[in-house]
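Undergrad: Residue numbers (this note's numbering): 5 to 109.
Below are the structure tokens for one structure; questions will follow.
Next up, the structure:
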């Protein structure tokens, strides 16, 4: 399955990401099928460079964006829908949080 995700480049403590199309089971630093843009998290989100035509083409062919990329595409208006949470909470942790909330009330 093809996935659209970020591949980190840049120097130490100066992250810079390429938005790439790769097989989902490949290493993020392996050669990409296609580079779809770039993103500098140290700047505003609006400064990301995304080739929207190619992104929509690959999404129509069945490529799946990672959670981070999906949220970025929603910000840019390339896709519609709700943003995804990147962090998942285990059932035991959710139970502890619920017990804490109950004890505070």
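By construction, the Cβ of each residue, glycine as well, lies at the ideal position given by its N, Cα and C atoms.
Reducing DSSP to helix, strand and coil, say where residue 11 ends up.
TA: strand
Undergrad: Quick one: measure Cβ to Cβ for residue 60 and residue 82, integer angstroms, because I've assumed they're closer than 8 Å.
TA: With 8 Å as the limit, residue 60 and residue 82 qualify as a contact, their Cβ atoms being about 6 Å apart.
Undergrad: Go to residue 44, then tell me how far its alpha helix (DSSP H) extends in each direction, as first and last residue.
TA: Taken as a continuous stretch (DSSP letters only), residue 44 belongs to no alpha helix (DSSP H), as it is neither H nor E.
Undergrad: For residue 17, which option in 96, 103, 95 and 45 has the closest C-alpha, if you only look at C-alpha atoms?
TA: When the alpha-carbon of residue 17 is set against those of 96, 103, 95 and 45, the nearest one is in 45.
Undergrad: Going by other Cβ atoms of all chains shown within 10 Å of its Cβ, with 16 needed for buried, is residue 24 buried or exposed?
TA: Its Cβ being crowded by 16 or more others within 10 Å, residue 24 is buried.
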